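Below is one structure, written out as structure tokens; comments come after it.
Residue numbers (my numbering), protein chains in the order written: chain A, 2 to 207; chain B, 1212 to 1612.
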């Protein structure tokens, strides 16, 4: 079994863990599940390379903490985060810390498989994703200054309402700026947008 | 020269009197000594200062000159009553006392009465304390206390409102889990069935697991219903107009930024309702926020919240009217079902919670099309008093759900 087919699921909710494992096995992956971050970290040193699917919201240590400790252990497994409603800011932070991607619950099969493929193409986790930096940078130049301001805050993980407040515009206007930013950056999802922006060297603004 | 015993007694008496005068004069309070006939026999310097009269203007006059006119007629009677039982005590226990200055102004006082035996019979020495400042401070303290209480109850109210919001968010998470599991199981199953790589026993196992998770989601909803129906329901007799006004005030926060005008049209003759204020405000808040969101794409951005008393005053109809895009027919039918949503973000729980709350109050909620555009949400609540609805309805609410 090659590394791109191996998946480690870390989720405290038994049903979500079991069902996701089943779904991914059905899709042809080799799956192992872990019921907590601690459990996974304890066994991580002996594990062969594979993609880690991490739930952000877990009771003992959360997904972000697992990610940090993995990095401290020099375990360079690619990580995909699963977030619940309203946890996108957390996920964006995780991406800046090196996570490959995140999917928001409830997610489509397509979305999770796409993220796993993306992770598999990454031999190691890097703080700056190896996206074509130049292409991303040239797309970044297409943004108006207001659009760039919105993007800097999106990358910081700020929700629309906070961005609106900070820039003194309505959430509706933020929404339309965001749509144009996605369009110009050719990003289909927020995670893709964050990845591109980081590749282009954009600094988050809080 | 040797003094005669009589001279000595006389001198001692004079010395005693002189010492008494000096003590009285240097007292920090205004002091007025009054004879049984009600004449002012002695005053101290502080009394001159407090009342604005000179000593000569006061001595020999009726003490009533220091009493505001409206209390004067009764004053001699009260004075006589003191002589009937002459002992040191405060004047007018429990009543507010006022004194009159030379310039005609009044001030609040506290007066201590002391019977003094003199050669000319028993006199009353009154010590008068101007309590204007003390009263002012007390009133200020009460006002401050009331303000603190108001703020506290407002905070409590807002925190109860946000607790419900938080509960909705927790519920959303708790629902997300089983729903995610159900879809995962079914997608995996479909894939395996399509490729023919699964035996029926295994397929049934997976289906059972999915069913179990669907039931888990159902349980979350049941918990929500219980919470709303009997949870921490705290019902009181309320004026619905006031409840609506407060909730609209909260909903207005940020609405102007979105260019939405919210107007309120209240019927002042609505009968009282017996409700949990926080829950009903949650409903109003939810409906108004929905209305504001429905206006995002509209040119005319108006929300009207109205109350009307039903004929006979048996119920109150509260309406939230928007000029938005309106409801698609297929949505309108299932509007109050859980998980139905037209929003990009949202679990579709808001209106189902609203329905739970309104029905737990013995009311009805419905939606209809507004002319020429938009939607009208109507909430009807029965008029009620504690005696009628409180005790009779509650058991029904709990058991009949």
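Don't be surprised by glycine CBs; every beta carbon is placed ideally from N, CA and C. The structure presented is a predicted model; accordingly, all values stated were derived computationally and were not measured.
8 Å CB neighbourhood of residue i in its chain, flanking five on each side removed
{"i": "residue 1566 of chain B", "result": "1547 and 1576"}
{"i": "residue 85 of chain A", "result": "57, 58, 105 and 106"}
{"i": "residue 116 of chain A", "result": "81, 101, 102, 103, 104 and 192"}
{"i": "residue 98 of chain A", "result": "65, 68, 69, 72 and 128"}
{"i": "residue 1418 of chain B", "result": "1396 and 1400"}
{"i": "residue 1385 of chain B", "result": "1431"}
Chain A contact for residue i (CB, 9 Å cutoff)
{"i": "residue 1605 of chain B", "result": "Note that residue 1605 of chain B has pLDDT 39, beneath the 50 cutoff, so the model's placement of it is unreliable and the number below is only indicative. No, its Cβ sits nowhere closer than 9 Å to a Cβ of chain A."}
{"i": "residue 1427 of chain B", "result": "yes"}
{"i": "residue 1170 of chain B", "result": "In the structure displayed, chain B extends from 1212 to 1612; residue 1170 of chain B sits before or after that span and is not available."}
{"i": "residue 1624 of chain B", "result": "Given that chain B is displayed from residue 1212 to residue 1612, the structure contains no residue 1624 of chain B and the question cannot be resolved."}
{"i": "residue 1394 of chain B", "result": "yes"}
{"i": "residue 1451 of chain B", "result": "no"}
{"i": "residue 1430 of chain B", "result": "no"}
{"i": "residue 1424 of chain B", "result": "yes"}
{"i": "residue 1462 of chain B", "result": "no"}
{"i": "residue 1420 of chain B", "result": "yes"}
{"i": "residue 1457 of chain B", "result": "no"}
{"i": "residue 1507 of chain B", "result": "yes"}
Own chain partners of residue i with C-beta closer than 7 Å, once the 5 adjacent residues on each side are dropped
{"i": "residue 1574 of chain B", "result": "1590, 1591, 1592 and 1593"}
{"i": "residue 1492 of chain B", "result": "1372, 1454, 1457 and 1458"}
Residue i - DSSP class collapsed to helix/strand/coil
{"i": "residue 1568 of chain B", "result": "helix"}
{"i": "residue 141 of chain A", "result": "helix"}
{"i": "residue 1264 of chain B", "result": "coil"}
{"i": "residue 1325 of chain B", "result": "strand"}
{"i": "residue 84 of chain A", "result": "strand"}
{"i": "residue 1227 of chain B", "result": "helix"}
{"i": "residue 197 of chain A", "result": "helix"}
{"i": "residue 1234 of chain B", "result": "helix"}
{"i": "residue 15 of chain A", "result": "helix"}
{"i": "residue 1473 of chain B", "result": "strand"}
{"i": "residue 1393 of chain B", "result": "helix"}
{"i": "residue 1534 of chain B", "result": "coil"}
{"i": "residue 119 of chain A", "result": "helix"}
{"i": "residue 1521 of chain B", "result": "coil"}
{"i": "residue 98 of chain A", "result": "coil"}
{"i": "residue 1513 of chain B", "result": "strand"}
{"i": "residue 1302 of chain B", "result": "coil"}
{"i": "residue 1455 of chain B", "result": "helix"}
{"i": "residue 9 of chain A", "result": "strand"}
{"i": "residue 30 of chain A", "result": "coil"}
{"i": "residue 1250 of chain B", "result": "strand"}
{"i": "residue 1342 of chain B", "result": "coil"}
Below-9 Å beta-carbon distance, residue i vs any chain B residue
{"i": "residue 24 of chain A", "result": "yes"}
{"i": "residue 189 of chain A", "result": "no"}
{"i": "residue 106 of chain A", "result": "yes"}
{"i": "residue 129 of chain A", "result": "Summary for residue 129 of chain A: the model assigns pLDDT 45, below 50, so the residue's position carries little reliability, and this model does not support an answer."}
{"i": "residue 182 of chain A", "result": "no"}
{"i": "residue 17 of chain A", "result": "yes"}
{"i": "residue 192 of chain A", "result": "no"}
{"i": "residue 61 of chain A", "result": "no"}
{"i": "residue 102 of chain A", "result": "no"}
{"i": "residue 202 of chain A", "result": "no"}
{"i": "residue 21 of chain A", "result": "yes"}
{"i": "residue 40 of chain A", "result": "no"}
Chain B contact residues for residue i, given Cβ-Cβ distances below 9 Å
{"i": "residue 75 of chain A", "result": "The premise fails here: residue 75 of chain A is roughly 32 Å from chain B at the closest Cβ pair, so nothing lies under 9 Å."}
Proximal residues of chain A, C-beta to C-beta of residue i below 8 Å
{"i": "residue 1469 of chain B", "result": "171, 172 and 173"}
{"i": "residue 1562 of chain B", "result": "Per Cβ cutoff of 8 Å: no residues; residue 1562 of chain B is ~18 Å from chain A at best."}
Chain B residues whose Cβ lies nearer than 7 Å to that of residue i
{"i": "residue 110 of chain A", "result": "1398"}
{"i": "residue 14 of chain A", "result": "1388"}
Test: residue i CB closer than 9 Å to a CB of chain C
{"i": "residue 1387 of chain B", "result": "Within the model displayed, chain C is absent; protein chains A and B are what it includes."}
Sequence-distant residues of the same chain with beta carbon closer than 6 Å to residue i, five excluded per side
{"i": "residue 1561 of chain B", "result": "1497"}
{"i": "residue 62 of chain A", "result": "38"}
{"i": "residue 10 of chain A", "result": "18, 21, 22, 34 and 54"}
Chain-ordered neighbours of residue i on chain A, where CB pairs are closer than 7 Å
{"i": "residue 1402 of chain B", "result": "27 and 28"}
{"i": "residue 1417 of chain B", "result": "23"}
Residue i beta carbon near the ligand SAH (any heavy atom closer than 8 Å)
{"i": "residue 1243 of chain B", "result": "Here there are no bound small molecules, and the ligand SAH is not part of this structure."}
* To do: Report yes or no: do the segment 1218–1230 of chain B and the segment 147–166 of chain A share at least 3 C-beta pairs separated by less than 8 Å?
  => Under the Cβ criterion (8 Å, minimum of three pairs), the segment 1218–1230 of chain B does not count as touching the segment 147–166 of chain A.
* Should the segment 1529–1546 of chain B be called in touch with the segment 1508–1515 of chain B, which here means at least 3 C-beta pairs below 8 Å? -> Counting C-beta pairs with one atom in each stretch, the segment 1529–1546 of chain B and the segment 1508–1515 of chain B have three or more that are closer than 8 Å, which means they touch.
* Asked: Pairing CB atoms from the segment 1293–1300 of chain B with CB atoms from the segment 1323–1339 of chain B, are three or more of them under 8 Å?
  -> By the Cβ test, the segment 1293–1300 of chain B is in contact with the segment 1323–1339 of chain B, since at least three Cβ pairs between them sit closer than 8 Å.
* Cβ pair count under 8 Å reaching 3, the segment 1351–1362 of chain B against the segment 1319–1330 of chain B -> Cβ pair count under 8 Å is below three, so no.
* Cβ contact check for the segment 12–26 of chain A and the segment 88–98 of chain A: 3 or more pairs under 8 Å -> Counting Cβ pairs under 8 Å, fewer than three are found: no touch.
* Are the segment 27–36 of chain A and the segment 68–81 of chain A touching by the rule of at least three beta carbon pairs closer than 8 Å? -> Not touching, per the Cβ criterion.
* Does the pairing of the segment 1235–1250 of chain B with the segment 180–190 of chain A give three or more beta-carbon distances under 8 Å? -> Cβ pair count under 8 Å is below three, so no.
* Asked: How about the segment 1344–1353 of chain B and the segment 1246–1258 of chain B: do they share at least three Cβ pairs that are nearer than 8 Å?
  -> Proximity of the segment 1344–1353 of chain B to the segment 1246–1258 of chain B falls short of the contact definition, fewer than three beta-carbon pairs being nearer than 8 Å.
* Asked: Between the segment 139–149 of chain A and the segment 41–54 of chain A, are three or more C-beta pairs nearer than 8 Å?
  -> Output reads no: the segment 41–54 of chain A does not touch the segment 139–149 of chain A.
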